Structure formats: structure tokens, C-alpha cells
Amino acid sequence: MSPAAVESSNKRKRSHKSKKSAEAAAAPAHNGVEKARKKARKAKEDEAVVEEPVVADASAQEDSDEDDVEDQSESHKDTAEATGSKEAENGDEADDNDDSQLADLPSGTGSNALDLPSGTTMPTPNPVRFEELNLSERTMSAIKEMGFEKMTEIQQKTIPPLLSGRDVLGAAKTGSGKTLAFLIPAIEMLSQLRFKPRNGTGVIVVSPTRELALQIFGVARELMSNHSQTFGILIGGANRSAEAEKLRKGLNLIIATPGRLLDHLHNTQGFVFKNLRSLIIDEADRILEVGFEDEMRSIIKILPTERQTMLFSATQTTKVEDLARISLKPGPLYINVDYRAEHNQKKKVIVFLSSCASVDFYSELLNYIDLPVLGLHGKLKQQARTNRFFEFVNAQSGTLICTDVAARGLDIPEVDWVIQFDPPDDPRDYIHRVGRTARGANGKGRSLMFLLPSEVGFLKLLKENRVPLVEFELPSNKILNIQSQLEALISKNYYLNKSAKDGYRSYLQSYASHSLRSVFDVHKLDLVKVAKSFGFSTPPRIDISLGASLSRDKKVEGRRAYGSQPQQARRPMKQGKRF
365 MSPAAVESSN KRKRSHKSKK SAEAAAAPAH NGVEKARKKA RKAKEDEAVV
415 EEPVVADASA QEDSDEDDVE DQSESHKDTA EATGSKEAEN GDEADDNDDS
465 QLADLPSGTG SNALDLPSGT TMPTPNPVRF EELNLSERTM SAIKEMGFEK
515 MTEIQQKTIP PLLSGRDVLG AAKTGSGKTL AFLIPAIEML SQLRFKPRNG
565 TGVIVVSPTR ELALQIFGVA RELMSNHSQT FGILIGGANR SAEAEKLRKG
615 LNLIIATPGR LLDHLHNTQG FVFKNLRSLI IDEADRILEV GFEDEMRSII
665 KILPTERQTM LFSATQTTKV EDLARISLKP GPLYINVDYR AEHNQKKKVI
715 VFLSSCASVD FYSELLNYID LPVLGLHGKL KQQARTNRFF EFVNAQSGTL
765 ICTDVAARGL DIPEVDWVIQ FDPPDDPRDY IHRVGRTARG ANGKGRSLMF
815 LLPSEVGFLK LLKENRVPLV EFELPSNKIL NIQSQLEALI SKNYYLNKSA
865 KDGYRSYLQS YASHSLRSVF DVHKLDLVKV AKSFGFSTPP RIDISLGASL
915 SRDKKVEGRR AYGSQPQQAR RPMKQGKRF
């Protein structure tokens with residue numbers, strides 16, 4: 365017999381003897397009935413003693429066994445609880461694990477690189493396609509839904525080092541694809557670390573303007589459509605208390621303008637940013653140009669220093685260098701892909717459209733896809749019109765999309781191209797439009813006008829007014845087919861979709877009220893093609909009031925109409941047409 369068995373047997377004997385003697389002392393000896401009861405009790409006690417091997421275990425492990433019994437009891441109690449409570453408990457355990465994972469994330473190993481969580485696969489060398497980056501399935505699925513396969517140059521050079529945790533200083537203009545370049549690594553990091561709302565904010569993107577912030581937010585929403593992490597936007601003019609409530613609940617990724625971000629950092633209780641892992645400063649030169657230098661310095665002082673930082677700027681000024689020095693770790697990776705601007709983007713271009721809503725739509729669309737433009741029309745407030753006008757006047761290059769409000773009396777120097785995307789109201793308007801280019805004694809410039817086959821009669825009127833023109837057709841192989849991507853974007857983005865409908869409606873209203881209706885006949889328009897130019901696969905059903913738009917005829921009353929089109933009688937205001 366083993367020592368453990370002997371010890372257990374001895375304990376049972378001692379226990380049995382003690383119980384037997386206790387019973388013998390308690391039982392009266394003279395009562396026969398009591399003797400019978402005593403025997404019955406004795407048999408029961410013997411049986412009970414034999415069935416107590418666990419309780420009669422080695423006394424040296426008594427404390428440990430009591431703990432085990434308590435643990436088992438708690439385990440049985442938890443198992444007996446409702447399923448919802450159990451899932452909530454498991455969720456809390458997962459969150460605790462997330463907190464410890466965030467707390468233990470290394471901030472660097474001698475270089476300025478953040479170590480990736482285990483399980484992260486590095487991209488293949490010199491990747492060209494997004495699938496070569498070895499991104500998570502959720503991110504890759506979103507990229508495919510957005511219609512992207514190949515990376516731009518800035519994406520090829522920037523995403524791999526950002527995925528490895530490097531700090532990056534990028535010289536790239538808007539339009540290079542840098543929004544995806546910084547959002548993809550940031551979202552991958554949040555996913556790898558399993559950020560939850562209770563972990564607070566892990567990524568902050570700082571943008572110079574509300575418009576650009578909204579554009580970045582739209583891209584982030586598409587990229588994060590398959591992820592569980594939360595995201596939001598903080599901009600001036602929005603409901604601050606609603607923003608604060610979302611911050612208290614937890615936003616893992618934030619896109620913000622500097623002023624509103626600093627406001628929340630100072631004043632919003634419950635805004636958790638101690639777990640910040642990535643700070644992205646987009647268009648740093650513009651942030652500093654509009655006067656946010658002090659705000660940026662304050663923001664950088666408040667935020668945790670152990671983070672990855674990405675700073676993008678089209679120009680490298682002294683102020684940008686100062687901002688880079690205080691925000692980036694020593695020795696950041698410098699990436700420059702700005703050489704194309706020398707030929708293609710150092711032009712000053714004015715594009716004329718026929719309606720205010722069309723200007724708004726195309727401005728929002730082009731800015732959304734990282735092609736910076738300014739919009740100018742008569743419905744803007746005077747201060748906004750003045751600011752945008754002088755911004756374009758003082759710029760070395762850029763694009764201004766406008767209505768005829770900019771065609772008369774405005775002196776814009778060094779304009780290289782005037783593009784009349786929508787036809788002018790008459791030949792005199794054409795002359796005023798092209799007069800925006802080649803200004804000054806040595807000014808040179810070019811003009812380009814688009815016409816539909818049904819509109820070529822306008823050329824005859826221009827020739828009659830001694831306006832020399834060269835007609836040509838643009839080869840189809842020179843046109844990049846982006847129609848499917850445009851339609852996909854408009855169908856998914858609520859704000860762009862609404863803006864596109866407004867633009868489509870206003871274009872038809874403007875066309876229907878044209879003073880040269882013999883040339884520009886709204887009934888000859890191919891509405892399917894017009895709708896496609898606004899990003900719709902099929903024309904949206906809209907009501908337009910032709911009578912309201914005919915008020916433009918007041919402009920031409922009292923002056924000779926061009927061509928053979930007689931002055932038409934005004935139609936009733938209540939009349940409308942459905943397209």
C-alpha cells in the first residue's frame with residue numbers, strides 16, 4: 365500500500381473511532397431501544413465515513429483544496445447564469461485583454477518603428493497591386509469594392525513602411541492618392557490591435573478645412589465598411605455636444621480640423637486618447653497657411669509621444685519643417701513624388717459651367733477624389749467669394765470652377781486655359797469668358813469649348829462675329845474610362861448623390877432657359893448621357909420648373925438676340941416639365 369493510501373486509511377480509522385466514542389458517551393446503556401437505534405446510527409456513520417475520501421484528503425493541501433472548491437463553485441454559478449450575461453462577461457474579458465495588449469505594445473526597438481502585433485504579414489518587396497500588401501481580408505474587400513487594384517506611386521512608396529511602423533514625411537500634392545496611402549496602414553493597425561470603443565482613440569487625422577475633412581471621412585467610411593472599429597469627424601460648424609457624446613462612447617479613428625480637435629482635447633470629459641497609436645497631419649502647409657500653427661503645437665504637446673506620425677505637405681516651407689521637427693521622431697522616412705507637377709499641374713485653369721449647383725457638384729466631386737479645385741458662383745456669400753477669388757489670383761497654379769459671375773470685370777492674371785465645359789449664353793458671353801486668359805501685354809493663353817453634335821450651330825454664330833476657331837474631335841483612346849467608378853461613388857456617397865441630383869436638375873433648368881433655343885434645345889438632349897456626366901447610370905426622376913428658369917430672359921431683353929431665334933413670349937410660372 366502506498367504512503368498516501370496508508371495515511372488516508374489511518375485518518376478514516378481515527379475519524380471512525382472518534383465518532384464511535386462520542387456516540388458511546390452520548391447513548392444511555394440501560395435502554396434496549398437506544399441500543400438498537402445506536403446500531404442503526406453506527407451503520408449509517410460507518411457508511412458516511414467510507415464515502416468521504418475527498419474531505420479526508422491530506423491535510424497539507426487543505427487550503428489549496430478549499431480554493432479549488434470555491435473556484436469550482438464560482439464556475440458552476442457562472443454556468444448557471446443566462447447566456448446574455450455570459451456573453452457580456454466574455455466581452456469584458458476580451459476588452460481587458462485588449463487593454464493589456466495596448467499597454468504592452470512596444471513603442472520602438474532602437475529605431476523609430478513600432479513593432480507590429482504577432483500574426484502580421486509583411487508586404488511583398490516592391491508591391492504594385494494592393495493584393496501584394498498582404499492586408500486583412502476586410503480591408504482588401506473594401507478596396508476591391510471601391511474599384512482599386514493598382515497603387516499610385518505615393519501608395520507604393522508609403523504604405524509598406526507605414527505598415528512596419530515607420531514615421532513618414534511625404535511631399536505629395538492632393539490628387540496623388542495619399543488619402544488611401546495613410547488611411548490603409550492606420551486602419552490595419554486598429555484592426556490588428558483589436559481596438560474597441562472603450563479603448564478610445566487610436567488614430568487622429570488632422571485636416572486643414574472642413575471640406576477636406578469630409579472628403580477624408582468619406583474615404584474612411586468606405587475603407588472601414590467591413591471593420592468593427594468606430595470612426596467619426598470633428599469639424600467647426602457641426603454640433604459640438606453630439607461630437608462630445610460620440611467621443612465619450614469611444615471613436616477609434618477621428619478626422620478633425622485643428623481648432624475643433626484642440627477644443628475637445630481641452631474640454632471634453634471622457635475623451636480617451638491615451639492609447640493613441642497614429643497621428644496623421646494632412647496638407648500641413650495649408651494648415652499653417654490658414655493660421656493653425658499655435659493650435660498644432662498645442663495638439664502635439666497634449667497627445668502621447670509614443671506614436672507613429674505621418675506628415676504630408678505639397679511644399680516644404682520653414683514652418684512645415686518646424687512642425688515636422690516637433691511632431692516626427694528623429695530620422696523619418698522622406699518620400700517625394702512631386703515631380704509630375706512640373707509639367708502637368710503647374711497650370712492655371714478656369715472651367716465655366718452653366719449653373720451654381722453644377723459648380724458645387726463638380727467642385728465637391730473633384731476635391732473628394734483628391735483633385736483640388738476652387739468653386740465660385742453667385743450664390744456664395746460675399747466673404748466666401750472674395751476669399752476664393754483672391755486664393756486663386758495669388759496661386760501659382762490651380763483650377764477654378766465657376767459660373768459667368770467670374771467672366772465679367774474680374775482681373776485674374778496668368779491664366780493658361782479657359783475651358784467652357786457648358787456653352788455660353790451667346791457669342792458675347794463667349795468673348796467675355798475667353799477674355800480671362802492672355803491678360804496683359806505679354807499674356808498668352810488658350811481656350812477650349814465643348815459642344816454636343818446638336819450644338820454645332822453655335823459655331824456659325826461665332827464665325828459671324830469674327831471669332832476664329834479650330835474644330836477637332838478628341839480621340840476616344842485618349843479618354844480614360846472612369847464611368848463605372850464614378851457611378852459606384854455617386855451611388856454609395858449620400859452627400860455626393862444629393863449634390864449630383866441638384867447639379868443635374870439645375871443643368872436642365874439652365875439649358876431649358878437658354879436664349880438660343882434654336883441651337884440649344886433641351887428636347888434634343890440625350891438625358892441618359894447627361895445623367896452619366898453627373899454619375900448616374902440612369903436619369904433620376906426630377907421636376908424642373910421651366911417658368912422659374914425663364915427669368916434669365918430678362919438679361920437679354922432690350923438687346924439684339926443672336927441668330928435667328930426670335931424673342932419668345934413668357935410662359936406661365938406654374939408650368940413645369942418632368943425629366
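Okay, so the sequence shown: first residue is 365 according to this note's numbering, each after it adds one. Ideal Cβ placement from N, Cα and C applies to all residues, glycine included. On a predicted model such as this, the values are computed, not experimentally measured, just so you know.
Rounded straight-line distance, which links the Cα of residue j to that of residue i
{"i": "Gly-695", "j": "Tyr-732", "result": "32 Å"}
{"i": "Asn-829", "j": "Leu-740", "result": "29 Å"}
{"i": "Glu-837", "j": "Glu-819", "result": "14 Å"}
{"i": "Ser-761", "j": "Lys-711", "result": "5 Å"}
{"i": "Ser-882", "j": "Val-583", "result": "44 Å"}
{"i": "Gln-350", "j": "His-887", "result": "The structure shown does not extend to residue 350, since the chain is modelled only from 365 to 943, so the question has no answer here."}
{"i": "Val-715", "j": "Ser-874", "result": "17 Å"}
{"i": "Phe-656", "j": "Pro-622", "result": "7 Å"}
{"i": "Thr-682", "j": "Leu-652", "result": "11 Å"}
{"i": "Thr-750", "j": "Gly-529", "result": "43 Å"}
{"i": "Thr-763", "j": "Thr-902", "result": "29 Å"}
{"i": "Ile-644", "j": "Arg-604", "result": "22 Å"}
{"i": "His-628", "j": "Lys-613", "result": "14 Å"}
{"i": "Lys-323", "j": "Glu-496", "result": "Look at the range of the chain in this structure, 365 to 943, and you will see that residue 323 is not part of it."}
{"i": "Val-654", "j": "Thr-679", "result": "15 Å"}
{"i": "Gly-809", "j": "Pro-777", "result": "11 Å"}
{"i": "Ser-571", "j": "Leu-598", "result": "10 Å"}
{"i": "Lys-743", "j": "Gly-511", "result": "35 Å"}
{"i": "Leu-823", "j": "Leu-717", "result": "18 Å"}
{"i": "Val-737", "j": "Glu-586", "result": "23 Å"}
{"i": "Val-831", "j": "Thr-573", "result": "42 Å"}
{"i": "Ile-507", "j": "Pro-491", "result": "15 Å"}
{"i": "Val-723", "j": "Ala-602", "result": "24 Å"}
{"i": "Ser-561", "j": "Met-660", "result": "Just to set this straight, residue 561 is Pro in the shown sequence, not Ser. Cα to Cα, the separation comes out at about 25 Å."}
{"i": "Asn-758", "j": "Arg-797", "result": "20 Å"}
Own chain partners of residue i with C-beta closer than 6 Å, once the 5 adjacent residues on each side are dropped
{"i": "Leu-617", "result": "Val-567 and Phe-595"}
{"i": "Ala-721", "result": "Asp-866, Gly-867 and Ser-870"}
{"i": "Ala-895", "result": "Pro-903"}
{"i": "Glu-517", "result": "Val-701"}
DSSP state of residue i mapped onto helix, strand, coil
{"i": "Met-515", "result": "coil"}
{"i": "Leu-588", "result": "The question names Leu, but residue 588 in the sequence shown is Met. In this structure, Met-588 counts as coil in the three-state DSSP scheme."}
{"i": "Asn-490", "result": "coil"}
{"i": "Arg-562", "result": "helix"}
{"i": "Val-892", "result": "helix"}
{"i": "Ile-597", "result": "strand"}
{"i": "Gly-534", "result": "strand"}
{"i": "Ala-602", "result": "coil"}
{"i": "Ser-642", "result": "strand"}
{"i": "Ile-944", "result": "With the chain running from 365 to 943 in the structure shown, residue 944 is simply not present."}
{"i": "Arg-612", "result": "helix"}
{"i": "Ser-571", "result": "coil"}
{"i": "Arg-830", "result": "coil"}
{"i": "Ser-500", "result": "coil"}
{"i": "Met-510", "result": "coil"}
{"i": "Asp-885", "result": "coil"}
{"i": "Ser-811", "result": "strand"}
{"i": "Leu-617", "result": "strand"}
{"i": "Asp-907", "result": "strand"}
{"i": "Ser-540", "result": "coil"}
Rounded distance between the beta-carbons of residue j and residue i, thought under 8 Å
{"i": "Val-684", "j": "Ala-648", "result": "5 Å"}
{"i": "Ala-577", "j": "Ala-620", "result": "7 Å"}
{"i": "Leu-533", "j": "Glu-552", "result": "Not really, about 20 Å apart at Cβ, beyond 8 Å."}
{"i": "Tyr-726", "j": "Ile-783", "result": "12 Å between Cβ atoms; not a contact."}
{"i": "Ile-854", "j": "Phe-900", "result": "7 Å"}
{"i": "Asp-789", "j": "His-878", "result": "7 Å"}
{"i": "Val-569", "j": "Asp-646", "result": "6 Å"}
Cut-off 7 Å between Cβ atoms - residues of its own chain near residue i, not counting five sequence neighbours on either side
{"i": "Pro-668", "result": "Lys-638 and Leu-640"}
{"i": "Thr-543", "result": "Ile-580, Val-583 and Asp-734"}
{"i": "Lys-521", "result": "Ile-699 and Val-701"}
{"i": "Glu-729", "result": "As written in the sequence, residue 729 is Leu, which differs from the Glu given in the question. Closer than 7 Å at Cβ, skipping near neighbours: Leu-860."}
{"i": "Gln-672", "result": "Leu-478, Gly-529, Asp-531, Arg-641 and Ser-642"}
{"i": "Leu-826", "result": "Pro-791, Tyr-794 and Leu-833"}
{"i": "Leu-692", "result": "Asp-531, Leu-533, Thr-673 and Leu-675"}
{"i": "Ser-589", "result": "Ala-506"}
Neighbourhood of residue i by C-beta distance below 8 Å, restricted to the same chain and skipping five residues each side
{"i": "Ser-555", "result": "Ser-500, Arg-502, Thr-503, His-591 and Gln-593"}
{"i": "Ala-624", "result": "Here residue 624 is Arg; the residue named in the question, Ala, does not match the sequence. Excluding residues within five positions, the ones whose Cβ falls inside 8 Å are Leu-598, Ile-599, Gly-600, Ala-602, Arg-604 and Glu-607."}
Cβ-heavy atom distance, residue i to the ligand MN, below 7 Å
{"i": "Ile-795", "result": "In terms of ligand content, the structure shown is empty, and the ligand MN therefore cannot be addressed."}
query = In chain order, which beta strand (DSSP E) runs of at least 3 residues are fully inside the segment 663-727?
reply = Under the rule that a run must span 3 or more residues, the beta strand (DSSP E) segments found entirely inside the segment 663-727 read 672-676, 697-700 and 712-716.
key: Segments assigned alpha helix (DSSP H), at least 4 residues, entirely inside the segment 848-881   = With a minimum length of 4 residues, the continuous alpha helix (DSSP H) runs that stay inside the segment 848-881 are 858-876.
ask   = Along the chain, which unbroken stretches of the beta strand (DSSP E) at least 3 residues long are found entirely within the segment 736-802?
value = Correct list: 738-740, 762-766 and 781-784.
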